[in-house]
Amino acid sequence: MLKAVLLDISGVLTEDGEALPGAVAALERLQASGLSLRFLTNTSRRTSAAVCEELQRLGFDVAPEQVFTAPGAIRRHLERHQLIPYLLIHERLEPEFADLPQGEADAVVLGDAEQRLDYTHLDAAFRLLLEGAPLLAVGTNRYFRQAGKLHLDVGPFVRALEYAAGIEARLLGKPSGDFFHAVLEDAGVAPVEALMVGDDVECDVAAAMAVGLEACLVRSGKYRPGDEAKAPEARCAASLADLVEALLAGR
1 MLKAVLLDIS
11 GVLTEDGEAL
21 PGAVAALERL
31 QASGLSLRFL
41 TNTSRRTSAA
51 VCEELQRLGF
61 DVAPEQVFTA
71 PGAIRRHLER
81 HQLIPYLLIH
91 ERLEPEFADL
101 PQGEADAVVL
111 GDAEQRLDYT
121 HLDAAFRLLL
131 EGAPLLAVGT
141 NRYFRQAGKL
151 HLDVGPFVRA
161 LEYAAGIEAR
171 LLGKPSGDFF
181 HAVLEDAGVA
191 PVEALMVGDD
201 VECDVAAAMA
211 VGLEACLVRS
221 GKYRPGDEAK
231 APEARCAASL
241 ADLVEALLAG
251 R
């Protein structure tokens, strides 16, 4: 029995800072249904608070405790293991980590750092990894959609550092199973009682199904024709609004 819906944010609810057509009304219908909702994102250009504030500004009734971000998961990991990070992140994400202990870095945190993903910063990260520092990454997303175009995401840079240093990154966001399990634990449901909705067939849909969730690929955001073939057992819907219509019709 379906008890919870996990929703990717960019490409499902929003795009380029605007709500996707029908998404606000669709979310209202989901909330009224009594299903437990959680909102997931690998975005590493904004803090968890900023993500929630944008959703609220766009008309989505979302509480801060319902929002799970990959940077937030990394912060919790750093605190739990008492690590001091070398932050290769976007400048807008710096407040997420601002009050952590300072000192000689013993971990590398890699996000979508945009212009900071240059040789100097990557080389500094590489040297720390050679010294034994763990590589903590927001995810392995290959690209994201912005202003109607696809752009490089953090995944290619994760793979470059893994290859150069001969190590394997610890992924704290999607597609990590640990990330999904943490969200499910917070919602108080088992994997078989939850549905993941996303526009990324690899990091949202296939990854969720790998840990036992049902998943739906929406044909919005970064979706590209033919993505369905990469997860043939997943649901598909043109949009969140269409998915919600089908879900609630069957209840």
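The UniProt record's numbering puts the first residue of the sequence shown at 1, with every later residue one more than the last.
By construction, the Cβ of each residue, glycine as well, lies at the ideal position given by its N, Cα and C atoms.
Remember, it's a predicted structure, so these values are computed and weren't measured experimentally.
Check                                                                                                                   : Outcome
Supposed close pair Leu184, Gly139 - CB separation, criterion 8 Å                                                       : That pair is no contact at about 18 Å.
Beta-carbon proximity check, Leu7 vs Leu40, cutoff 8 Å                                                                  : yes
Beta strand (DSSP E) segment containing Arg8, residue limits                                                            : First, the residue type needs correcting, since residue 8 is Asp and not Arg in the sequence shown. Segment Ala4 to Asp8, the beta strand (DSSP E) holding Asp8.
Nearest to Ile167 (by Cα), restricted to the options Val197, Ala182 and Glu131                                          : Glu131
Residues of its chain near Phe215, where Cβ-Cβ distance is below 6 Å and the 5 sequence neighbours each way are ignored : Note that residue 215 is Ala in the sequence shown here, rather than Phe. Here the set comprises Met196, Val205, Ala208, Met209 and Ala234.
Collapsed DSSP secondary structure at Glu65 in the structure displayed                                                  : helix
Rounded straight-line distance, which links the Cα of Ala249 to that of Phe97                                           : 43 Å
Range of the contiguous beta strand (DSSP E) that encloses Gln146                                                       : Tyr143 to Gln146
Contact check, Val201 vs Val12, beta carbons under 8 Å                                                                  : no
C-beta contact flag for Ser10 and Gly221 at 8 Å                                                                         : yes
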